[in-house]
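*Asks:* Note that the working numbering numbers the first sequence so that position 56 is 666, with each residue one more than the last. First the structure, which I've put down as structure tokens, then a few questions once you've had a look.
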Amino acid sequence: MPELPEVETTRRGISPYVVGKKVVSIIVRQPKLRWSVPESLHELEGEKILSLKRRAKYLLLESSRGTAILHLGMSGSLRVINVDLVPEKHDHVDIVFSTNKAIRLRDPRRFGAVLWTRDDPLQHKLLRHLGPEPLSEKFDALLLYTMSRKRKVSVKQFIMNAQIVVGVGNIYASESLFMSGISPKTAAGQISLKRYEKLVEAIKVVLSRSIEQGGTTLRDFMQAEGKPGYFQQQLNVYGRRGEECNVCGSLIKQISQGQRSSFYCSSCQK
DNA sequence: AAAGACACCTGTCCGC
DNA sequence: TGCGGACAGGTGTCTT
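Below, the structure is given as structure tokens:
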């Protein structure tokens with residue numbers, strides 16, 4: 611479900627209910643997520659949340675004793691609720707605050723994660739080797755150009771590789787490639803610096819626009835307060851197989867790359 | 001080292 | 001209308 615814009619939308623939505631608030635309890639109804647929820651997570655109980663940060667698609671709830679690391683996987687969402695709201699089937703974890711509000715993790719497919727670290731979360735095994743944030747200055751055309759030389763992997767899979775750049779998931783990879791006029795099938799190593807400049811600009815524009823719109827709701831993504839995202843109205847190719855290209859009218863194609871669907875316009879993207 | 005396949009899990013939608 | 005199968009917004013791990 612969530613790519614970077616959806617995770618960032620979630621972070622902004624829950625932030626007022628979390629930062630500076632005291633955790634009174636953590637309820638784990640289903641510990642079997644992607645990894646088992648560790649017992650040590652309860653070290654957060656009694657602690658005040660000092661900050662709520664995002665790195666890639668991970669959310670980091672920092673306290674003086676350690677940091678909870680949350681990931682929403684494919685189907686996870688976080689909602690702000692009143693503590694007495696009856697949990698439903700896939701509501702696996704609640705972090706309850708002294709305000710009588712809680713953040714509730716719902717995740718039907720259970721590809722998400724809730725972890726705990728006492729150390730610098732950025733040095734955690736899962737975060738340590740991540741590439742730059744796409745909306746930071748560290749992410750630029752020269753980086754993509756340099757990292758891609760001699761690489762035969764398709765450009766679409768290349769920009770979805772979190773070691774190269776984080777946060778570009780399946781929707782926004784297709785959308786960014788459309789905006790920059792690059793075919794998803796092109797080998798990463800064959801793309802010029804000039805074209806990577808276009809691609810980097812497109813990734814930044816697509817992601818920031820989506821954040822402004824509250825993310826993309828395809829099926830079930832909801833912001834923390836229950837509203838859907840609105841960016842799906844601006845999708846040019848994702849999920850539009852067989853429909854007319856908004857620019858040239860050709861029919862949008864769908865192919866499979868690395869067992870993920872890619873959507874593109876074969877006349878606008880070369 | 002890079003690239004590809006597969007794993008994890010449940011819900012929904014498509015085609016017959 | 002019902003059913004099986006394909007597919008879904010992610011990513012770590014194993015094999016080649």
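We put the beta carbon where it would ideally sit given N, CA and C, even for glycine.
Arg719 lies in the alpha helix (DSSP H); which residues open and close that run?
*Replies:* Taken as a continuous stretch (DSSP letters only), Arg719 belongs to no alpha helix (DSSP H), as it is neither H nor E.
*Asks:* Is the CB-CB distance between Lys667 and Pro731 below 8 Å?
*Replies:* Not in contact: Lys667 and Pro731 (Cβ atoms no closer than 8 Å).
*Asks:* According to DSSP, simplified to helix, strand and coil, what is Phe841?
*Replies:* Here Phe841 sits in helix by DSSP.
*Asks:* Answer with buried or exposed for Asn692, where buried requires no fewer than 16 other C-beta atoms within 10 angstroms of its C-beta.
*Replies:* Looking at its Cβ environment, which holds fewer than 16 other Cβ atoms inside 10 Å, Asn692 is exposed.
*Asks:* What span of residues does the alpha helix (DSSP H) with Ala751 cover, start to end?
*Replies:* Element bounds for Ala751: 751–758.
*Asks:* Can you check whether the CB of Glu853 is closer than 8 Å to the CB of Leu861?
*Replies:* In this structure, Glu853 lies closer than 8 Å to Leu861 by Cβ.
*Asks:* So, are the CB atoms of Val765 and Pro744 less than 8 Å apart?
*Replies:* Taking 8 Å as the Cβ cut-off, Val765 and Pro744 do not qualify as a contacting pair.
*Asks:* Flag this pair as yes or no: are the beta carbons of Leu682 and Asp717 separated by less than 8 Å?
*Replies:* Result yes, Cβ atoms of Leu682 and Asp717 sit closer than 8 Å.
*Asks:* Check whether the Cβ atoms of Ile821 and Glu655 lie closer than 8 Å to each other.
*Replies:* Not in contact: Ile821 and Glu655 (Cβ atoms no closer than 8 Å).
*Asks:* So, at 6 Å on beta carbons, what are the nonlocal neighbours of Arg728 in its own chain, with the 5 sequence-adjacent residues on each side left out?
*Replies:* Result list for Arg728: Gly676, in chain order.
*Asks:* Which same chain residues end up closer than 6 Å to Cys858 when comparing Cβ atoms and leaving out the 5 residues on each side of it in sequence?
*Replies:* Excluding sequence neighbours, Cys858 sits near Ser877, Cys878.
*Asks:* So, Ala812 versus Val763, is the Cβ gap smaller than 8 Å?
*Replies:* Not in contact: Ala812 and Val763 (Cβ atoms no closer than 8 Å).
*Asks:* Under 8 Å, do Tyr848 and Ile769 count as touching if we go by C-beta distance?
*Replies:* The answer is no: Cβ separation not under 8 Å.
*Asks:* Do you know whose CA, among Gly824, Ser872, Leu740, Lys735, lies nearest Ser786's CA?
*Replies:* The candidate whose alpha carbon is nearest that of Ser786 is Ser872.
*Asks:* What does the alpha-carbon distance come out to for the pair Leu828 and Lys880?
*Replies:* Their Cα atoms are separated by approximately 27 Å.
*Asks:* Could you have a look at Lys658 and say whether DSSP puts it in helix, strand or coil?
*Replies:* If DSSP states are grouped into helix, strand and coil, Lys658 belongs with the strands.
*Asks:* Using DSSP bridges, identify the partner residues of Val816.
*Replies:* Answer is none; Val816 lacks a bridge partner.
*Asks:* Determine, using beta-carbon pairs with one atom in the stretch 740–755 and one in the stretch 799–808, whether at least three such pairs fall under 8 Å.
*Replies:* Contact holds: three or more Cβ-Cβ distances are below 8 Å.
*Asks:* Which residues in the same chain have their Cβ closer than 6 Å to the Cβ of Arg644, if we skip the five residues on either side of it in sequence?
*Replies:* Same-chain partners within the cutoff: Phe721, Ala723.
*Asks:* Of the residues Ile624, Thr620, Tyr874, Ala772, which one's Cα is nearest the Cα of Ala712?
*Replies:* If we check each option's Cα against that of Ala712, Ile624 comes out closest.
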